[in-house]
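Engineer: In this text, residue positions in the sequence shown follow the numbering used here: the first is 41, and each later residue adds one. From the three backbone atoms N, C-alpha and C, an ideal C-beta is built for every residue, glycine too. Mind having a look at this structure? Questions to follow.
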Amino acid sequence: MAAEETAHAPQHGGAGPDGTGDAGDVTEVVAAGLHVDVTGAGPTLVLLHGNGEDALSLAPVAALLGRDHRVLSVEARAHGRSPRGSAPLTISTMADDVAAVLAELAPGEAVRVVGYSDGGNVALMLALRHPEVVRSLVVYGANVDPGGLAPRTRAEVTAAWAALRVRGAVDPVAFVRAEVADLMVHQPRIPLRALGRITVPVLVAAGELDVVRPAHTAAIAAHLPAGELRVVEDADHGLPLADPARFEALVRELLDRA
């Protein structure tokens, strides 16, 4: 099915390239059944948001990167304006969804992919399941299994998921929210050895104060044949949301080379 254009912008507020003003012109399309915000022009770059978030959360980043890229901000199923659908809500399914979006919006093109948090997990899975569509990756705050989270964070996420599961027995909204939380509690499940199949350049980044354990982030980078590790000083897991310009500079470390 061809992508369906649903709206034109400026749709979204937020910081522009100089950190102030409008985030820039955004076109909303539906591709492979998912909502996608399209910003800028140039080589295609896919931008993937974190768990429970949407394209708007990274709109300032999209505006910055959109100065010289066509940024596709894909809203994952059961997030933002994208429907839940009937397929299992898993990191693997979400990676397949991104590949389907690219088949419509960037057919035959190998693209740069930037993923934040769960979006980073999806990016890694995309490179494993659909290597032909990936030119390079930047992942920030990603993990390849739930044990990669710091113990306190993992306990808090698990408690929230358990509470949503109880409410979900009578509340359909809570049921879907529990499914989304499950993406952090029981997923992903990517063996470190499998990362050896990802041969494109990958910048693996996290904040010095991230909720992902430093040793886990380092292990991801070490198991990637072309992986590079960056630990951002004085930053936490929320860097892409709190300081888009600093995050853009980090991303461009790889974009300038791959």
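(1) Short of 7 Å in beta carbon distance, which residues of its chain neighbour PRO280, apart from the five on each side in sequence? Order them along the chain.
(2) Name the DSSP beta bridge partners of LEU189, please?
(3) Evaluate HIS256 with the Cβ neighbour count: other Cβ atoms within 10 Å of its Cβ, from every protein chain shown; 16 or more gives buried, anything less gives exposed.
(4) Under the rule that 16 or more other beta-carbon atoms within 10 Å means buried, what is ALA282, buried or exposed?
(5) State the start and end residues of the unbroken alpha helix (DSSP H) segment that holds ALA221.
(6) Using DSSP bridges, identify the partner residues of ASP274.
(7) Provide the residue span of the alpha helix (DSSP H) that contains THR133, from first to last.
(8) Based on the DSSP output, what are the partners of ASP77 in its beta bridges?
(9) Specify the secondary structure class of ALA298 as computed by DSSP and reduced to three states.
(10) Taking 8 Å as the threshold, find out whether the region 218–227 comes into contact with the region 244–258 through three or more Cβ pairs.
(11) Out of curiosity, what's the CA-to-CA distance linking ASN216 and GLY120?
(12) Beta-carbon separation of ALA135 and ARG169 under 8 Å?
(13) Quick check on the burial criterion: 16 or more other C-beta atoms within 10 angstroms. Buried or exposed for PRO171?
(14) Can you tell me whether DSSP reads GLY155 as helix, strand or coil?
(15) Quick test of your reading: LEU204 and ALA221, contact by CB under 8 Å. State the CB separation rounded to the nearest angstrom.
(16) Please report the straight-line C-alpha distance between ALA63 and THR239, rounded to a whole angstrom.
(17) Does the structure place the region 126–144 close enough to the region 62–76 that three or more beta carbon pairs sit under 8 Å?
(18) CA-CA distance, ARG207 and VAL213?
(19) Taking buried to mean at least 16 other C-beta atoms within 10 Å of its own C-beta, is GLU196 buried or exposed?
(20) Please state whether the Cβ-Cβ distance between ARG110 and PRO83 is less than 8 Å.
(21) With a Cβ-Cβ cutoff of 8 Å, do VAL178 and LEU243 count as a contact?
(22) To the nearest angstrom, how far is the alpha carbon of THR133 from that of GLU68?
(23) For THR257, which three-state DSSP category applies?
(24) Is the CB-CB distance between VAL70 and LEU112 below 8 Å?
(25) Using DSSP with H/G/I as helix, E/B as strand and the rest coil, what is GLU11?
Structural biologist: Reading it off the structure:
(1) LEU98, VAL101, TYR156, TYR180 and PHE287
(2) VAL252
(3) buried
(4) An exposed status is given to ALA282, since fewer than 16 other beta-carbon atoms sit within 10 Å of its beta-carbon.
(5) Start and end: 212–225.
(6) Beta-bridge pairing links ASP274 to no other residue.
(7) 131–145
(8) GLU68 and SER113
(9) coil
(10) no
(11) Contrary to the premise, residue 216 reads as Val rather than Asn in this sequence. Rounded to whole angstroms, VAL216 to GLY120 spans 12 Å at the Cα level.
(12) yes
(13) exposed
(14) strand
(15) 6 Å
(16) With a pLDDT of only 43 at ALA63, under the threshold of 50, the placement of this residue in the model should not be trusted, and no figure is reported.
(17) yes
(18) 9 Å
(19) GLU196 sits exposed, since fewer than 16 C-beta atoms from the chains shown fall within 10 Å of its C-beta.
(20) yes
(21) yes
(22) 22 Å
(23) helix
(24) no
(25) No answer is possible for residue 11: it lies beyond the span of the chain, which begins at 41 and ends at 298.
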